[in-house]
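Chemist:
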């Protein structure tokens, strides 16, 4: 369970281009559910996701993870929690060019000193699961949009995280691939993972998988459905 | 093979070579000590005063025997010998000469 | 421990991947780096070995050489001076030395002729150094023609060649008998080239030298201590060419470091952002940059030093030959004894590997400390 209490995020504080991205927001995200944060681009969804996923700290307010406050933890602990608990699927994929899909997927675990052999086994299992086993050794710049999307998902799932956060996952996908994506989300839900998706794609927020929709606009929650 | 393995092997080979070099150097030093001793004997017997490094001019060939005047034995306008002139500094004896004049 | 090794290996894997993505630039960089260190290390090995050997061999030089100067020129010294020097207390032996130069118009080479007290040298026979042998393409049994001071041609047979192991001191030598020398150069029997003096007590040498100077004011005295120290300053880094070499190397390293330290490109910045976003900590990124610097500099440095050693001690510093030869026709084959000064190698390491690695890490520091969410924008 993730709880945000009166969270505020300001960029470029005390400077002429000061910008308040999130205004005093309080939000409770339940575990094992699919939550969609719905809102137009520029509303601050990405900022909200990065706060939830311990990628940045709020300017004020508290964030609790399973009743444990994480806002004031030093970077080292925050990173470890992020690694263990969250899997991120970025809007722009953020794969490193020049490396194979397999290498990209193993990359998050590199600094941890795990043996490459066991990493590879886990990765290949996931590649099989997502049906792109033959693309594992291809360089990522040669992958299609859908394949790249799946690689980022595999990367997010490598550490078997409890929470998956996806930022506009269907932005670069056609209808067919978007539907396939939602099927994958179904599988994740069946594994009792918490899924948080930020999207303004109706295919996502109107899906029957979604347990809760949060309407987000200009840095605040409008209403919930 | 993993790239890191290749790199580590390369470095390991180089380290082995380093050890080989030092081993070779100390082995050769011991082996060549005889040679150096022979050369020392030759220097003593022939009353040699200089190494045979450069043979262009007398004051370069026999650096230790040269004094401030010696280069002029070529002729006053003679150009400095290159590159030996810039590789060989003046011998300690030269300073002594000037000291006497003072 | 195991996981520490795996961690390093993983990070090295990524760093190598990253370096290979800019293959051309990095290969060129390593090539130049290796070349620069190769030249520096070769120079270091070469000069140290020569200086060491000189200081050892020349310890056997004559204790004192007495030279006669006339109008600033080194002139023949009368053998009568020997009797005067013998009178001085502390002198163990006094003897005339006969040696000189012969210019060979056939090859353009200068030979050093020495009269040696050797039973092998009967009149008409000479012993030549390897350099002479090479220059004139002569071996034992051949004859060489010399033009005497009066224009006559003298033929001398080569009885022996000096072994090639002593080329450093004997390459251009021709050992000749007293009679032949005087016949060749016309040196009168009453003179010698200079006089060598032996002193019983080494501490007395300066005193004896002073006495000789007073006794024979037209002479100068060269002491053994000065002779063996002559080559300490050879190839000194302050000398002309050496300054060029070292400045060039320094400039090259500054350019490398500048290229690295002037900051990361947008592509590199993005990569670091991605790494942080997927869970790498700041310390992991710094470690990666450390390996990036070390992979390049360690690989180049170690290869260069090994090549330099082989170059100087197995191939007689052949790369330097054109430079060192200059105008000389005769050039010794440097079979140097590997006297290696480890502290020089260590100093070279700290002057090349450390600054380069530091220059790789420092600009990355800023980029590595960004908040991971910056990549999301």
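Chains as they are written, first to last, in the numbering used here: chain A, 1 to 225; chain B, 1001 to 1102; chain C, 2001 to 2377. Glycine is no exception: its CB is placed at the ideal position from the N, C-alpha and C atoms.
1) Can you confirm whether residue 2279(C), when its beta carbon is compared against all beta carbons of chain A, has any partner nearer than 8 Å?
2) Assuming residue 1036(B) and residue 2056(C) form a contact by the criterion Cβ under 8 Å, report the distance between their Cβ atoms to the nearest whole angstrom.
3) If you measure beta-carbon to beta-carbon, which residues of the segment 2183-2215 of chain C are closer than 9 Å to chain B?
4) Residue 115(A) touches chain C at which residues, Cβ-Cβ below 7 Å?
5) Starting from residue 2318(C), trace the beta strand (DSSP E) in both directions and tell me its first and last residue.
6) Using a Cβ-Cβ distance cut-off of 8 Å, determine whether residue 1075(B) contacts chain C.
7) By the criterion of Cβ-Cβ separation under 9 Å, what are the contact partners of residue 2075(C) in chain B?
8) Ordered along the chain, which non-local residues of its own chain (more than five positions away) have a Cβ less than 8 Å from that of residue 28(A)?
9) Is there a Cβ from chain C that is less than 8 Å from the Cβ of residue 1101(B)?
10) How about residue 2085(C) and residue 1064(B): do their beta carbons lie closer than 8 Å?
11) In chain C, which residues lie less than 7 Å from residue 41(A) when you measure between Cβ atoms?
12) Going by alpha carbons, who is nearest to residue 58(A) out of 19(A), 93(A), 9(A)?
13) Can you tell me whether DSSP reads residue 2242(C) as helix, strand or coil?
14) Compare the beta carbon distance of residue 2336(C) and residue 2312(C) with 8 Å and say whether it is the shorter of the two.
15) Going by DSSP in three states, residue 2279(C) sits in which element: helix, strand or coil?
16) Excluding the 5 residues flanking residue 151(A) on each side, which residues of the same chain have their C-beta closer than 7 Å to its C-beta?
17) Verify whether the separation of the beta carbon atoms of residue 1069(B) and residue 2072(C) is less than 8 Å.
18) Comparing C-alpha positions only, which one of 2004(C), 2013(C), 2272(C), 2235(C) sits nearest to residue 1002(B)?
19) Is there a Cβ from chain B that is less than 8 Å from the Cβ of residue 2081(C)?
20) May I ask you to report which of helix, strand or coil DSSP gives residue 1028(B)?
21) Among 191(A), 97(A), 82(A), which one has its Cα closest to the Cα of residue 2021(C)?
22) May I have the straight-line CA-CA distance separating residue 2162(C) from residue 1049(B), to the nearest angstrom?
23) Is residue 153(A) close to chain C, meaning its C-beta is less than 8 Å from at least one C-beta of that chain?
24) Under 8 Å by Cβ, that's how I've got residue 146(A) and residue 22(A) pegged, so tell me the actual separation to the nearest angstrom.
25) Determine, using beta carbons only, whether residue 2079(C) and residue 2090(C) come nearer to each other than 8 Å.
26) Output the distance between the C-alpha atoms of residue 2369(C) and residue 2272(C), rounded to the nearest integer angstrom.
27) Where does the unbroken beta strand (DSSP E) through residue 29(A) begin, and where does it stop?
28) What's the gap between the Cα of residue 2314(C) and the Cα of residue 1020(B)?
29) Report the rounded CA-to-CA distance for residue 64(A) versus residue 2279(C), giving the unit in angstroms.
30) Does any CB atom of chain A fall closer than 8 Å to the CB of residue 2016(C)?
31) So, helix, strand or coil for residue 2089(C), using DSSP?
32) Using only CA atoms, which one of 1062(B), 1053(B), 1004(B), 1047(B) lies nearest to residue 2175(C)?
33) Between the Cα of residue 2247(C) and those of 2266(C), 2298(C), 2005(C), 2037(C), spot the shortest distance and give me the residue it belongs to.
34) If you follow the beta strand (DSSP E) that residue 2064(C) is in, where does it begin and where does it stop?
35) From residue 2321(C) to residue 2203(C), what distance separates their C-alpha atoms?
36) Using only the alpha-carbon positions, how far apart do residue 1102(B) and residue 1093(B) sit?
Modeler: Considering the structure as presented:
1) Closer than 8 Å: yes.
2) Between residue 1036(B) and residue 2056(C) a beta carbon distance of about 6 Å is seen, short of the 8 Å cut, so the two are scored as contacting.
3) Shown in chain order are the members of the segment 2183-2215 of chain C whose Cβ falls below 9 Å from a Cβ of chain B: 2194, 2196, 2213.
4) Neighbours of residue 115(A) on chain C, chain order: 2006.
5) Where residue 2318(C) is concerned, there is no enclosing beta strand (DSSP E), because DSSP gives it neither an H nor an E.
6) no
7) None at all; the shortest Cβ gap to chain B is about 11 Å.
8) 1, 2, 3, 4
9) Note on residue 1101(B): pLDDT 45, under 50, position unreliable in the model; no value is reported.
10) In terms of Cβ geometry, residue 2085(C) and residue 1064(B) do not form a close pair [threshold 8 Å].
11) Contacts between residue 41(A) and chain C, judged by CB atoms closer than 7 Å, are missing: the closest CB pair is about 12 Å apart.
12) 9(A)
13) helix
14) yes
15) coil
16) 95, 101, 104, 105, 140, 143
17) yes
18) 2013(C)
19) Using beta-carbon distances, residue 2081(C) does not count as an interface residue toward chain B, since no partner is under 8 Å.
20) helix
21) 97(A)
22) 17 Å
23) No - not a single Cβ of chain C is within 8 Å of the one on residue 153(A).
24) So it is not a contact: roughly 32 Å between Cβ atoms.
25) Taking C-beta atoms as the reference points, residue 2079(C) and residue 2090(C) fail to come closer than 8 Å.
26) 9 Å
27) 19-29
28) 14 Å
29) 20 Å
30) no
31) coil
32) The shortest CA-to-CA distance from residue 2175(C) to any of 1062(B), 1053(B), 1004(B), 1047(B) is the one to 1047(B).
33) Measuring C-alpha to C-alpha distances from residue 2247(C) to each of 2266(C), 2298(C), 2005(C), 2037(C) identifies 2037(C) as the nearest.
34) 2064-2070
35) 41 Å
36) Low per-residue confidence applies at residue 1102(B): pLDDT is 41, beneath 50, and the placement is therefore not dependable, though the value from the model is reported in the following sentence. Going by the C-alpha atoms only, they are around 15 Å apart.
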